[in-house]
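Here the protein sequences line up with chains R and X, keeping their order.
The numbering of the first sequence is our numbering, which starts it at 1 and goes up by one.
The numbering of the second sequence is our numbering, which starts it at 1 and goes up by one.
Beta carbons are placed, not taken as given, at the ideal position from N, Cα and C, and that holds for glycine.
Below: the structure, in structure tokens.
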Amino acid sequence: MTDVTDTNLHFHQGLDSLEHEVLGMVDRAEQMVAMAVDAVCTGDVDLAAQVIKLDDNIDRTYLEVHGHWTHLMARFQPLGSDLRKMTVLLQLNQTFERMGDQCVNIAKVTKLNEGLPRVERMVEQIREMGDLARPMIRTAIEAYVRQDLEEARLLPAMDQPVDRLNANMYKEIIAVGSNPEMLEWASKIMMVARALERIGDQAVDFAEQTAYLITGERAEFVKVGLSRSVDDSPS
Amino acid sequence: MSMGDGTEGDFDMTTRQEQARPTDIRVEVAASGHTTESGEVKPRSIVFDASRLSVFYGDFRAVRDVDLPVIQNQITALIGPSGCGKSTVIRCFNRMNDLINGARIEGTVSYHGIDIYQDEVDPVELRRRVGMVFQKPNPFPKSVYDNVAFGPRLGGFKGKMDDLVEESLRRAALWDEVKDKLDESGMALSGGQQQRLCIARAIATSPDVLLMDEPCSALDPIATLRIEELMLDLKDDYTIIIVTHNMQQAARVSDRTAFFSVKVSDEGQRTGYLVEFSPTEELFTAPREKQTEDYITGRFG
Numbered sequence: 001m002t003d004v005t006d007t008n009l010h011f012h013q014g015l016d017s018l019e020h021e022v023l024g025m026v027d028r029a030e031q032m033v034a035m036a037v038d039a040v041c042t043g044d045v046d047l048a049a050q051v052i053k054l055d056d057n058i059d060r061t062y063l064e065v066h067g068h069w070t071h072l073m074a075r076f077q078p079l080g081s082d083l084r085k086m087t088v089l090l091q092l093n094q095t096f097e098r099m100g101d102q103c104v105n106i107a108k109v110t111k112l113n114e115g116l117p118r119v120e121r122m123v124e125q126i127r128e129m130g131d132l133a134r135p136m137i138r139t140a141i142e143a144y145v146r147q148d149l150e151e152a153r154l155l156p157a158m159d160q161p162v163d164r165l166n167a168n169m170y171k172e173i174i175a176v177g178s179n180p181e182m183l184e185w186a187s188k189i190m191m192v193a194r195a196l197e198r199i200g201d202q203a204v205d206f207a208e209q210t211a212y213l214i215t216g217e218r219a220e221f222v223k224v225g226l227s228r229s230v231d232d233s234p235s
Numbered sequence: 001m002s003m004g005d006g007t008e009g010d011f012d013m014t015t016r017q018e019q020a021r022p023t024d025i026r027v028e029v030a031a032s033g034h035t036t037e038s039g040e041v042k043p044r045s046i047v048f049d050a051s052r053l054s055v056f057y058g059d060f061r062a063v064r065d066v067d068l069p070v071i072q073n074q075i076t077a078l079i080g081p082s083g084c085g086k087s088t089v090i091r092c093f094n095r096m097n098d099l100i101n102g103a104r105i106e107g108t109v110s111y112h113g114i115d116i117y118q119d120e121v122d123p124v125e126l127r128r129r130v131g132m133v134f135q136k137p138n139p140f141p142k143s144v145y146d147n148v149a150f151g152p153r154l155g156g157f158k159g160k161m162d163d164l165v166e167e168s169l170r171r172a173a174l175w176d177e178v179k180d181k182l183d184e185s186g187m188a189l190s191g192g193q194q195q196r197l198c199i200a201r202a203i204a205t206s207p208d209v210l211l212m213d214e215p216c217s218a219l220d221p222i223a224t225l226r227i228e229e230l231m232l233d234l235k236d237d238y239t240i241i242i243v244t245h246n247m248q249q250a251a252r253v254s255d256r257t258a259f260f261s262v263k264v265s266d267e268g269q270r271t272g273y274l275v276e277f278s279p280t281e282e283l284f285t286a287p288r289e290k291q292t293e294d295y296i297t298g299r300f301g
């Protein structure tokens, strides 16, 4: 790219700054996931309140990004990879805002479950889900920053154990038995597992957006179910 | 999107990346049809096919080696920086370059399979079938009516002229604005109306193709949008080729876009060439060529 003159400099400066704002959101969301999981697992109500407060911050950025995005689009009508980046940033803005909402959902359970009896095995599984989901977000961020398609494609496999742990929660709740207080606690913990499973999916979505930005092809990272009978059956 | 159903399963990563884009649109066109307003599916065909087309002005090669098939009932846009030869190329389709001293071509331009640069081809008849609208509206200094009737009269039109004039003006989306002033001079209309009058004049000779060389560059945004809307209406009946320096205009109206660029020789001679010819949506969102990408994002080497 030697001797290239950027005749669209004002747009590209605006685009860089928009990208910076959006990536700042996911950085904060990653931190919120750690805090929310910690809060719900230790029953730390103050930490949960901090998470809820931090989400206001993400919501504010979401609106600002929306405004800046609209402004850039109206002024410059970008094309090519610029247009792709604009569409990706709009999508990521929403994805990260929702990631923040899921953290709030997790944090709220902390207060709801205060004083109820706990099932430690389920708490451990929630911790494990958090420990799996955060590296997914980090990997997705790095794939985006480095524009690394191979790294982006790692995400579905990373999501697999998160999904498995979430599915396993149903079995755990059956094992809880009939103690009403413990059941109430466990049903809220299932919501936490569901929220973490959603966060995993959002990280996969982030990676899909990165792949689109790089290739220009809309590509879904498809999860194939267990029913392989069609492929396996003799023709 | 990722599936959030929480079920276990094996994972596969499939992308559509591996699917090759069609490289030969002749093959694609032969296999495709288009649905008309009445719901009927008609096969498309190639109206114009430029093959290895080079255009010379004397010794100077203005454009080289252009391969450009133009598909029936589509709008094909030619874009690119100044001097890239897009206007030169569009003028080959009705042999307008013949009027320039020393101009000649190499390669072929066929129209429905007939080489239009053969001696037997009558350029006047070709231009009746392949109408042209220019950058600056250029109505004749005659009445609105006579502007439209001019071509048909010249061609010996025997039908009802009033009907033809009305029909042509209606199709050019101008009738309602001029029906009470058909006797007034065409030059008295607004710029946008004049351009639509020129389109009506081109339509009146029942052409098959309309060539438009920057038809909106002298018009305000509203008049521009009206012409663009008109083009989208007209493509049901005509094949349209438009040269535009406005990328957003090409993105708004065309089905396929050809991006031309220009190479400057050591002697300072500028020769245009075709960089990429793709479906418009593809060219403006994910172009194949880096040169196209640099141009549409405003980065110039």
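When the distance is taken between beta carbons, is residue 81 of chain X closer than 8 Å to residue 135 of chain X?
Taking the first residue of the second sequence as position 1, residue 135 of chain X is located at position 135. Taking the first residue of the second sequence as position 1, residue 81 of chain X is located at position 81. Not in contact: residue 135 of chain X and residue 81 of chain X (Cβ atoms no closer than 8 Å).
Would you say residue 22 of chain X reaches chain R, if we count a Cβ-Cβ gap shorter than 8 Å as a contact?
Working through the second sequence from its first residue, we reach residue 22 of chain X at position 22. Note that residue 22 of chain X scores a pLDDT of 40, beneath 50, so its modelled location is shaky; the value from the coordinates is reported in the next line. Not closer than 8 Å to any Cβ of chain R, the Cβ of residue 22 of chain X fails to qualify, so no.
Since residue 75 of chain X and residue 255 of chain X are thought to touch, with beta carbons under 8 Å apart, how far apart are those beta carbons, to the nearest angstrom?
For the purposes of this step, residue 75 of chain X is taken as residue 75 along the second sequence, with counting starting at 1. For the purposes of this step, residue 255 of chain X is taken as residue 255 along the second sequence, with counting starting at 1. The pair is a contact, with the Cβ atoms about 5 Å apart (cut-off 8 Å).
Should residue 232 of chain R be labelled buried (16 or more other beta-carbon atoms within 10 Å of its own) or exposed?
Start at 1 with the first residue of the first sequence, and residue 232 of chain R comes out as number 232. Its pLDDT being 36, under 50, residue 232 of chain R is placed unreliably by the model, and the measurement read from it follows with that caveat. Classification of residue 232 of chain R: exposed, given that the 10 Å Cβ count is below 16.
Chain R contact for residue 249 of chain X (CB, 8 Å cutoff):
As a first step, residue 249 of chain X must be located in the second sequence, where it is residue number 249. Judged by the 8 Å Cβ criterion, residue 249 of chain X is not in contact with chain R.
Let me check understanding here. Comparing Cα to Cα, which of R/67, R/63, R/31 lies closest to residue 52 of chain R?
Position 52 of the first sequence, counted from the first residue, corresponds to residue 52 of chain R. Measuring from the Cα of residue 52 of chain R, the nearest candidate turns out to be R/31.
Answer yes or no: does any C-beta atom of chain X fall closer than 8 Å to that of residue 84 of chain R?
Sequence index remark: in the first sequence, residue 84 of chain R carries index 84 (1-based). Yes, because at least one Cβ of chain X sits closer than 8 Å to the Cβ of residue 84 of chain R.
Who are the near neighbours of residue 113 of chain R in its chain, counting only those whose CB is closer than 6 Å to its CB and skipping five residues on each side?
Here residue 113 of chain R is taken as the residue at index 113 of the first sequence, counted from 1. Here the set comprises 185, 188.
Can at least three beta-carbon pairs, one atom from the stretch 163 to 171 of chain R and one from the stretch 79 to 92 of chain R, be found at a separation below 8 Å?
no
Is the Cβ-Cβ distance between residue 148 of chain X and residue 204 of chain X less than 8 Å?
Here residue 148 of chain X refers to the residue found at position 148 when the second sequence is read from its first residue. Here residue 204 of chain X refers to the residue found at position 204 when the second sequence is read from its first residue. Yes, these two residues count as a Cβ contact at 8 Å.
At a CB-CB cut-off below 7 Å, which residues of chain R make contact with residue 224 of chain X?
To locate residue 224 of chain X, count along the second sequence from 1; it is residue 224. Simply none; closest approach about 14 Å.
Do residue 196 of chain X and residue 230 of chain X have their C-beta atoms closer together than 8 Å?
In the second sequence, residue 196 of chain X corresponds to position 196, counting from 1. In the second sequence, residue 230 of chain X corresponds to position 230, counting from 1. Result yes, Cβ atoms of residue 196 of chain X and residue 230 of chain X sit closer than 8 Å.
Going straight from the alpha carbon of residue 106 of chain X to that of residue 63 of chain R, what length do you get?
As a position in the second sequence, residue 106 of chain X is number 106, starting the count at 1. As a position in the first sequence, residue 63 of chain R is number 63, starting the count at 1. If I take the Cα positions, the gap works out to 58 Å.
Given a threshold of 16 other Cβ atoms within 10 Å of its Cβ, counted over all protein chains shown, does residue 115 of chain X qualify as buried or as exposed?
Here residue 115 of chain X is taken as the residue at index 115 of the second sequence, counted from 1. Exposed.
Terminal residues of the continuous alpha helix (DSSP H) containing residue 276 of chain X?
Here residue 276 of chain X refers to the residue found at position 276 of the second sequence. It is not in any alpha helix (DSSP H) - residue 276 of chain X instead sits in the beta strand (DSSP E) that spans 270 to 279.
In or out: residue 190 of chain X buried (at least 16 other Cβ within 10 Å) or exposed?
As a working note, residue 190 of chain X is residue 190 in the second sequence. Under this definition residue 190 of chain X is an exposed residue.
Taking only three categories from DSSP, how would you classify residue 139 of chain X?
Numbered from its first residue, the second sequence carries residue 139 of chain X at position 139. Three-state DSSP puts residue 139 of chain X in coil, outside helix and strand.
Taking only runs of the alpha helix (DSSP H) that begin and end inside the stretch 69 to 103 of chain X, which ones reach a length of at least 4 residues, in chain order?
86 to 92
Rounding to the nearest angstrom, what Cα-Cα distance links residue 164 of chain X and residue 200 of chain X in this structure?
Locating residue 164 of chain X in the second sequence gives position 164, counting from the first residue. Locating residue 200 of chain X in the second sequence gives position 200, counting from the first residue. Approximately 10 Å, taken between the alpha carbons.
Residue 6 of chain R at chain X interface by Cβ criterion, 8 Å:
On the first sequence, residue 6 of chain R is found 6 positions in, with the first residue counted as 1. Taking Cβ atoms only, chain X reaches closer than 8 Å to residue 6 of chain R, which makes this a yes.
Taking residue 175 of chain R as the reference, give the member of R/40, R/107, R/122 with the closest Cα.
The residue given as residue 175 of chain R occupies position 175 in the first sequence. Checked all of R/40, R/107, R/122; the closest Cα to residue 175 of chain R is R/122.
Return helix, strand or coil for residue 324 of chain X, following the three-state DSSP convention.
Since the first residue of chain X shown is 1 and the last is 301, residue 324 of chain X is not available in this structure.
C-beta neighbour in chain X for residue 77 of chain R, strict 8 Å
As a working mapping, residue 77 of chain R is identified with position 77 in the first sequence. At least one chain X Cβ lies under 8 Å of residue 77 of chain R.
With 16 other CB atoms within 10 Å as the buried threshold, where does residue 88 of chain X fall?
In the second sequence, counting from the first residue as 1, residue 88 of chain X sits at position 88. When all chains shown are included, residue 88 of chain X counts as buried.
For residue 134 of chain X, the three-state DSSP class (helix, strand or coil)
For the purposes of this step, residue 134 of chain X is taken as residue 134 along the second sequence, with counting starting at 1. Three-state result, residue 134 of chain X: coil.
Starting from the C-beta of residue 57 of chain X, find all residues in its chain whose C-beta is less than 8 Å away, skip the five residues before and the five after it, and write them out in chain order.
The residue you call residue 57 of chain X lines up with position 57 of the second sequence. Excluding sequence neighbours, residue 57 of chain X sits near 100, 102, 103.
Ordered along the chain, which non-local residues of its own chain (more than five positions away) have a Cβ less than 8 Å from that of residue 105 of chain R?
As a working mapping, residue 105 of chain R is identified with position 105 in the first sequence. These residues qualify, in order along the chain: 191, 192, 195.
Are the C-beta atoms of residue 81 of chain R and some chain X residue less than 8 Å apart?
Position 81 of the first sequence, counting from 1, holds the residue named residue 81 of chain R. Judged by the 8 Å Cβ criterion, residue 81 of chain R is in contact with chain X.
Suppose you measure from the CA of residue 283 of chain X to the CA of residue 165 of chain R; what does that come to, to the nearest Å?
What you label residue 283 of chain X is simply residue 283 of the second sequence in a count that begins at 1. What you label residue 165 of chain R is simply residue 165 of the first sequence in a count that begins at 1. One C-alpha to the other measures close to 44 Å.
Rounded Cβ spacing between residue 192 of chain X and residue 226 of chain X (contact assumed at less than 8 Å):
Stepping through the second sequence from its first residue, residue 192 of chain X is reached at position 192. Stepping through the second sequence from its first residue, residue 226 of chain X is reached at position 226. Residue 192 of chain X to residue 226 of chain X, Cβ: 6 Å. Contact.
Rounded to the nearest angstrom, how far is the Cβ of residue 267 of chain X from that of residue 276 of chain X, given a contact under 8 Å?
The sequence position of residue 267 of chain X within the second sequence is 267, counting from 1. The sequence position of residue 276 of chain X within the second sequence is 276, counting from 1. About 27 Å; that fails the 8 Å criterion.
Assumed close pair residue 126 of chain X, residue 91 of chain X - CB separation to whole angstroms, cut-off 8 Å
As a working mapping, residue 126 of chain X is identified with position 126 in the second sequence. As a working mapping, residue 91 of chain X is identified with position 91 in the second sequence. No, residue 126 of chain X and residue 91 of chain X are not in contact; Cβ-Cβ is about 12 Å, not under 8 Å.
Short CB-CB distance (under 8 Å) between residue 14 of chain R and chain X:
For this step, residue 14 of chain R is matched to residue 14 along the first sequence. Not closer than 8 Å to any Cβ of chain X, the Cβ of residue 14 of chain R fails to qualify, so no.
For the beta strand (DSSP E) containing residue 144 of chain R, list its first residue and its last residue.
Within the first sequence, numbered from 1, the residue matching residue 144 of chain R stands at position 144. Taken as a continuous stretch (DSSP letters only), residue 144 of chain R belongs to no beta strand (DSSP E), being part of the alpha helix (DSSP H) at 120 to 146.
Below 8 Å, can you find three or more Cβ-Cβ pairs linking the stretch 39 to 57 of chain R to the stretch 66 to 78 of chain R?
no
Quick check on this structure: which residue in X/123, X/188, X/129, X/79 has the alpha carbon closest to the alpha carbon of residue 140 of chain X?
For the purposes of this step, residue 140 of chain X is taken as residue 140 along the second sequence, with counting starting at 1. When only C-alpha atoms are compared, the closest one is X/188.
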